[in-house]
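Each remark here refers to the structure printed beneath this line.
Number of protein chains: 2
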Amino acid sequence: MVETDKKRELIIEGAIKRFIHYGINKTTMNEIADDLSVSKPSLYYYFPDKSSLVLGVILKIFNDYFEALEKDKISKNTAEECLAAFVETRHRFFQKYYMLHLSGGSPDASLNSDSLRTSFLEMKAKNEDFHAQILQRAIDNAEISPVDPHKIAELYLDSQAGITSLCLLHGNKELFPSKKEMKSILEKQHQLSKIFIKGLK
Amino acid sequence: MVETDKKRELIIEGAIKRFIHYGINKTTMNEIADDLSVSKPSLYYYFPDKSSLVLGVILKIFNDYFEALEKDKISKNTAEECLAAFVETRHRFFQKYYMLHLSGGSPDASLNSDSLRTSFLEMKAKNEDFHAQILQRAIDNAEISPVDPHKIAELYLDSQAGITSLCLLHGNKELFPSKKEMKSILEKQHQLSKIFIKGLK
DNA sequence: TTTTGACTGTACAAATAAAAAAGTCAGAAA
DNA sequence: TTTCTGACTTTTTTATTTGTACAGTCAAAA
Numbered sequence: 460m461v462e463t464d465k466k467r468e469l470i471i472e473g474a475i476k477r478f479i480h481y482g483i484n485k486t487t488m489n490e491i492a493d494d495l496s497v498s499k500p501s502l503y504y505y506f507p508d509k510s511s512l513v514l515g516v517i518l519k520i521f522n523d524y525f526e527a528l529e530k531d532k533i534s535k536n537t538a539e540e541c542l543a544a545f546v547e548t549r550h551r552f553f554q555k556y557y558m559l560h561l562s563g564g565s566p567d568a569s570l571n572s573d574s575l576r577t578s579f580l581e582m583k584a585k586n587e588d589f590h591a592q593i594l595q596r597a598i599d600n601a602e603i604s605p606v607d608p609h610k611i612a613e614l615y616l617d618s619q620a621g622i623t624s625l626c627l628l629h630g631n632k633e634l635f636p637s638k639k640e641m642k643s644i645l646e647k648q649h650q651l652s653k654i655f656i657k658g659l660k
Numbered sequence: 460m461v462e463t464d465k466k467r468e469l470i471i472e473g474a475i476k477r478f479i480h481y482g483i484n485k486t487t488m489n490e491i492a493d494d495l496s497v498s499k500p501s502l503y504y505y506f507p508d509k510s511s512l513v514l515g516v517i518l519k520i521f522n523d524y525f526e527a528l529e530k531d532k533i534s535k536n537t538a539e540e541c542l543a544a545f546v547e548t549r550h551r552f553f554q555k556y557y558m559l560h561l562s563g564g565s566p567d568a569s570l571n572s573d574s575l576r577t578s579f580l581e582m583k584a585k586n587e588d589f590h591a592q593i594l595q596r597a598i599d600n601a602e603i604s605p606v607d608p609h610k611i612a613e614l615y616l617d618s619q620a621g622i623t624s625l626c627l628l629h630g631n632k633e634l635f636p637s638k639k640e641m642k643s644i645l646e647k648q649h650q651l652s653k654i655f656i657k658g659l660k
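Sequence lines, in order, name chains L and P. Last residue of the first sequence: 660 in my numbering, with the numbers rising by one and none dropped. Last residue of the second sequence: 660 in my numbering, with the numbers rising by one and none dropped.
Set out below in structure tokens:
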């Protein structure tokens with residue numbers, strides 16, 4: 460059984476490599492199988508369908524993401540520093556996994572299985588929790604005035620995500636956002652973050 | 460010649476009525492003509508093509524919008540009050556002209572004439588100017604700390620627009636956003652506005 | 001228990017046909 | 001001379017078909 464889990468991990472890692480370059484929808488199960496030098500039915504032995512594999516991929520990525528946030532949380536003291544570190548971490552993951560379209564609703568447009576959407580909402584909630592924790596800590600330390608941490612975390616993340624989606628919308632609709640756009644997004648997010656946390660004091 | 464301008468206005472108003480209900484792309488020149496009980500070639504006598512008519516419509520709407528902002532600007536003293544009034548005004552126009560998709564890039568998806576895009580950028584710049592003026596006034600009154608008003612106005616408007624586009628993205632992709640979503644957008648924009656301006660103090 | 005070659009049905013994309021709408025023009029009405 | 005129209009052509013959009021690539025299955029082998 461532990462062998463099976465190893466194999467599953469291997470398949471997930473193989474899938475991620477393809478997904479990063481070509482996106483989820485343009486990667487076929489055959490390609491993933493070929494990369495790993497196994498047959499397609501082998502994949503289906505470990506994952507009942509493509510959605511399950513995608514779900515495995517997404518769960519792994521978000522796991523890594525939340526681990527990174529946890530490290531940021533431990534290493535930073537003030538909310539301002541911490542949120543800045545979060546912005547960097549989010550940006551790193553956003554850049555790396557851009558092709559999967561993990562921000563903004565469903566992954567890679569069409570892939571609309573129900574369990575996927577549910578997991579996405581869970582991830583979003585967990586992300587809000589993380590940010591709310593930072594706000595709560597800041598309230599306890601009297602770094603900011605008391606507010607409803609969850610509500611404000613949601614507002615904060617919405618405005619941050621909004622900047623991303625706006626920049627992408629505006630940018631010349633290439634497959635991949637340019638270095639310049641990426642830099643602009645990061646800068647604006649930092650700027651907004653600073654003003655936002657100051658506004659909570 | 461003044462008669463001609465009157466007629467042009469009449470056509471624009473007729474077009475707006477259709478556009479509001481059915482959107483720009485799903486409104487035909489024939490329908491607009493029939494509404495006004497004239498023939499299609501009459502329309503083309505006053506506007507060389509559909510894009511020109513759409514441009515006329517957009518120019519009129521933004522004219523009204525900027526007039527409303529001007530009134531807000533005069534009637535409010537603090538930047539906080541003024542920006543709150545701007546949020547309300549923007550929301551009113553957004554709601555009324557939602558079907559034209561005037562926020563977020565090009566109007567009604569496809570309509571991509573060059574002059575339209577140019578006008579849009581001009582409107583966006585003028586909107587930023589308006590907001591920058593408010594910030595400048597607030598700086599002069601020592602209501603907020605000195606910053607680059609244009610840069611901050613851009614950031615402010617991006618985050619505000621981002622909230623809108625995010626809410627619409629999330630919401631059940633109906634043709635029209637629900638009352639609930641609309642209310643949520645307005646609330647978040649007010650909340651963010653308040654925090655933002657406080658963060659600039 | 002794990003893996004495979006060979007298969008099927010479906011869903012998406014390319015191609016084509018049909019419909020609708022934009023845009024034009026010669027000439028009539030004011 | 002300016003404003004308007006019915007009848008027309010051209011372009012764009014939408015609907016329908018066809019072809020193909022891919023997800024998913026199965027009997028059998030390792």
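Backbone N, C-alpha and C define an ideal beta-carbon position, used for all residues, glycine too.
Is there a Cβ of chain P sitting closer than 9 Å to that of L/Gln595, yes or no? Position 136 of the first sequence, counted from the first residue, corresponds to residue 595 of chain L. No, L/Gln595 does not count as interfacial toward chain P.
On the three-pair Cβ rule with 8 Å, is the region 478-496 of chain P touching the region 530-541 of chain P? no
Count the other CB atoms within 10 Å of the CB of P/Phe469; is the residue buried (16 or more) or exposed (fewer)? As a first step, residue 469 of chain P must be located in the second sequence, where it is residue number 10. One detail in the question is off: residue 469 of chain P reads as Leu in this sequence, not Phe. P/Leu469 is exposed by the Cβ-count criterion.
Excluding the 5 residues flanking P/His550 on each side, which residues of the same chain have their C-beta closer than 6 Å to its C-beta? Position 91 of the second sequence, counted from the first residue, corresponds to residue 550 of chain P. Same-chain partners within the cutoff: Leu645.
Reference L/Ile479; option with closest CA among L/His590, L/Pro636 and L/Gln554: Residue mapping note: residue 479 of chain L aligns to position 20 of the first sequence, counting from 1. Nearest option by C-alpha distance: L/Gln554.
Quick one: measure Cβ to Cβ for P/Lys647 and P/Ile622, integer angstroms, because I've assumed they're closer than 8 Å. Position 188 of the second sequence holds residue 647 of chain P. Position 163 of the second sequence holds residue 622 of chain P. Right, the Cβ-Cβ distance comes to about 5 Å (below 8 Å), so this counts as a contact.
Mapping the DSSP letters down to three states, classify L/His560 as helix, strand or coil. Mapped onto the first sequence, residue 560 of chain L falls at position 101. In the structure shown, L/His560 sits in coil (DSSP, three-state: anything other than H, G, I, E or B).
With C-beta atoms as the reference, is L/Phe506 less than 9 Å away from L/Leu512? As a working mapping, residue 506 of chain L is identified with position 47 in the first sequence. As a working mapping, residue 512 of chain L is identified with position 53 in the first sequence. Going by beta carbons, L/Phe506 and L/Leu512 fall inside the 9 Å limit.
Residues within the region 615-631 of chain P neighbouring chain L, beta-carbon criterion of under 7 Å: Asp617, Ser618, Ala620, Gly621, Ile622, Ser624, Leu625, Leu628 and His629
Between which two residues does the alpha helix (DSSP H) containing P/Glu526 stretch? Sequence index remark: in the second sequence, residue 526 of chain P carries index 67 (1-based). Segment Lys509 to Ser534, the alpha helix (DSSP H) holding P/Glu526.
Tell me the rounded alpha-carbon separation between P/Ser624 and L/Ser572. Here the question's residue 624 of chain P lines up with position 165 in the second sequence. Here the question's residue 572 of chain L lines up with position 113 in the first sequence. Computed Cα separation, rounded: 23 Å.
Continuous alpha helix (DSSP H) stretch holding L/Glu602: start and end: Locating residue 602 of chain L in the first sequence gives position 143, where the first residue counts as 1. L/Glu602 -> no alpha helix (DSSP H), and no H or E assigned at all.
Please classify L/Lys530: is it buried, with 16 or more other beta-carbons within 10 angstroms of its beta-carbon, or exposed? Along the first sequence, read from residue 1 onward, the residue named residue 530 of chain L stands at position 71. Its Cβ having fewer than 16 others within 10 Å, L/Lys530 is exposed.
What did DSSP end up calling L/Gly482 once you bin it into helix, strand or coil? Working through the first sequence from its first residue, we reach residue 482 of chain L at position 23. L/Gly482 falls in the coil class under three-state DSSP.
Under 8 Å: does the beta carbon of L/Tyr504 sit that close to some heavy atom of the ligand ZN? As for the ligand ZN, it is missing from this structure, which has no ligand bound.
Entirely within the region 572-657 of chain L and at least 3 residues each: give me those beta strand (DSSP E) ranges in chain order. none
In or out: L/Asp464 buried (at least 16 other Cβ within 10 Å) or exposed? By one-based count along the first sequence, residue 464 of chain L stands at place 5. Label assigned to L/Asp464: exposed.
How far does the alpha helix (DSSP H) with L/Thr548 in it reach, from first residue to last? Counting from one through the first sequence, the residue named residue 548 of chain L turns up at place 89. Looking at the DSSP string, the run of the alpha helix (DSSP H) that includes L/Thr548 is Ala538 to Lys555.
Pull up the CB-CB distance for L/Gln650 and P/Leu614, whole angstroms please, since I reckon it's below 8 Å. For this step, residue 650 of chain L is matched to residue 191 along the first sequence. For this step, residue 614 of chain P is matched to residue 155 along the second sequence. So it is a contact: roughly 6 Å between Cβ atoms.
By Cβ distance below 8 Å, which residues in the same chain neighbour P/Thr486 in space, the five residues on each side in sequence not counted? Here residue 486 of chain P refers to the residue found at position 27 of the second sequence. Taken in chain order, the residues that qualify are Ala474, Arg477 and Phe478.
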